[in-house]
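Please read the structure below before turning to the comments.
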Amino acid sequence: MKRIYLIGLIFLLGFSCTYAQQSDSTLTIMTYNLYRDLPSNTQNSRIPEFAKVIVSCDPDVVSLQEVRGISNLFQLSLATGLKGRRYNVLPFYGIGMLWHSRLGKPVITSYELKALRNSNDKEARAFMVAEFDTFYFIATHFSLDQQDRDRMVEAIISFAQSVSKPVYLAGDLNITPEDAAIAKFKANHFILLNDPTHHTFRSSNPDRQLDMILVHPNQSKAPTIIDRSTTEFPKDYLEKLSDHLPYWVKVRVK
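According to this note's numbering, the sequence shown holds residues -16 to 237 in order.
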């Protein structure tokens, strides 16, 4: 049976917003950087298209990067039928997350790391932690500077080691799977859930993977990967929306 959200809004947007009923034994995690290099912010005009892409992946939790504008996260939440929260690292710019209401209401905490004085990337970076009944979900966007990334990796590893439930991490990490930061995650019991051959950047001609999903199982059994991919939307459609392709992983957790 399918659940249909916000019927009135669906007619306005002109697309069907449906979610397959998920099993409690599976979890679908998604990450999507919404940025596109344009002379002005037109992200708000692309909300219906972003929503189509997100809904097509049928996610339980979504990590969003480069969320702009005053109400874009709210509008995306309405358009997808998912709950949402954002954290701004600059005025009207930051990261966000969406989640399916079947997961309940999470406790959300945000952590911000200011750029080091000698950083090549002066933008502050952050990660949001949502605590659900059976797992934690971290949404983040890593720095372009290696030193700042290393500090973020250390902070996330420290958090994962301080809790007992599984920790899922998703975001634009601005590194590839071969980077030392991923090796550091793996050395501390994180598992990369991506297929490293699934490239996500640039959407016009993907030649590398920057958008990743990892898990730290903690005291639980490591999840089993059921499926993982970008999306079946046409290339020319996706490259008009963002410089990045979305990425999702579906796992069995029981």
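Where a beta carbon is used, it is the ideal one built from N, C-alpha and C, also for glycine. Computed from a predicted model, the values in this text were never measured in an experiment.
### Task
Confirm, please, whether the CB-CB distance from Met111 to Phe125 is below 7 Å.
Walking along the sequence shown from the start, residue 125 turns up at place 142. Walking along the sequence shown from the start, residue 111 turns up at place 128. No, Cβ-Cβ distance for Phe125 and Met111 is not below 7 Å.
### Message
Rounded to the nearest angstrom, what separates Ile139 and Leu152 at their Cα positions?
### Response
The residue given as residue 139 occupies position 156 in the sequence shown. The residue given as residue 152 occupies position 169 in the sequence shown. Cα to Cα, the separation comes out at about 9 Å.
#### Entry: beta strand (DSSP E) segment containing Tyr119, residue limits
Residue mapping note: residue 119 aligns to position 136 of the sequence shown, counting from 1. Start and end: Tyr119 to His124.
### Query
Are the CB atoms of Ala122 and Gly87 nearer to each other than 7 Å?
The count along the sequence shown starts at 1 and reaches residue 122 at position 139. The count along the sequence shown starts at 1 and reaches residue 87 at position 104. Contact: no.
### Message
Under DSSP, the alpha helix (DSSP H) around Ala164 begins and ends at which residues?
### Response
Counted from its first residue, the sequence shown places residue 164 at position 181. For Ala164, the enclosing alpha helix (DSSP H) has its first and last residue at Ala163 to Ala170.
### Task
Pull up the distance between the alpha-carbon of Arg132 and that of Phe168, whole angstroms please.
Counting from one through the sequence shown, the residue named residue 132 turns up at place 149. Counting from one through the sequence shown, the residue named residue 168 turns up at place 185. Distance between the alpha carbons of Arg132 and Phe168 is about 12 Å.
### Message
Here's the rule I'm using: 16 or more other beta-carbon atoms within 10 Å means buried, otherwise exposed. How should Gly(-3) be labelled?
### Response
Walking along the sequence shown from the start, residue -3 turns up at place 14. Since pLDDT at Gly(-3) reaches only 39, below the 50 mark, its modelled position is unreliable, and the value read off the structure follows with that caveat. Classification of Gly(-3): exposed, given that the 10 Å Cβ count is below 16.
### Task
Count the other CB atoms, across all protein chains shown, that sit within 10 Å of the CB of Ile78; report buried if there are 16 or more and exposed otherwise.
Taking the first residue of the sequence shown as 1, we reach residue 78 at position 95. The residue in question, Ile78, is buried, as its Cβ has 16 or more Cβ neighbours within 10 Å.
### Task
Provide the residue(s) that pair with Val90 in DSSP beta bridges, ordered along the chain.
Mapped onto the sequence shown, residue 90 falls at position 107. Per DSSP, Glu114.
### Query
By the 10 Å Cβ neighbour count, where 16 or more other Cβ atoms means buried, how is Lys(-15) classified, buried or exposed?
Working through the sequence shown from its first residue, we reach residue -15 at position 2. Low confidence applies here, because Lys(-15) scores a pLDDT of 40, under 50, leaving its location unreliable; read the following figure in that light. Its Cβ having fewer than 16 others within 10 Å, Lys(-15) is exposed.
#### Entry: Neighbour-count burial assignment, Val44, 16 or more Cβ in a 10 Å radius
Residue 44 sits at position 61 when you count from the first residue of the sequence shown. Buried is the call here.
#### Entry: Backbone CA spacing between Tyr(-12) and Phe173 [nearest angstrom]
In the sequence shown, the residue the question calls residue -12 occupies position 5. In the sequence shown, the residue the question calls residue 173 occupies position 190. Bear in mind that the predicted position of Tyr(-12) carries a pLDDT of just 38, short of 50, making it too unreliable to give a figure here.
### Message
Closest to Ala166 by C-alpha separation, out of Ser186, Leu197, Lys148 and Pro189, would be which residue?
### Response
One-based indexing of the sequence shown puts residue 166 at position 183. Comparing Cα-Cα distances from Ala166 to each of Ser186, Leu197, Lys148 and Pro189, the minimum goes to Leu197.
### Query
Which residue's Cα is closest to the Cα of Arg19: Asp128, Leu224 and Gln129?
Position 36 of the sequence shown, counted from the first residue, corresponds to residue 19. Closest option to Arg19, Cα to Cα, is Leu224.
### Task
With distances taken Cα to Cα, identify the nearest neighbour of Glu137 among Phe115, Phe118 and Ala170.
By 1-based counting over the sequence shown, the position of residue 137 is 154. If we check each option's Cα against that of Glu137, Ala170 comes out closest.
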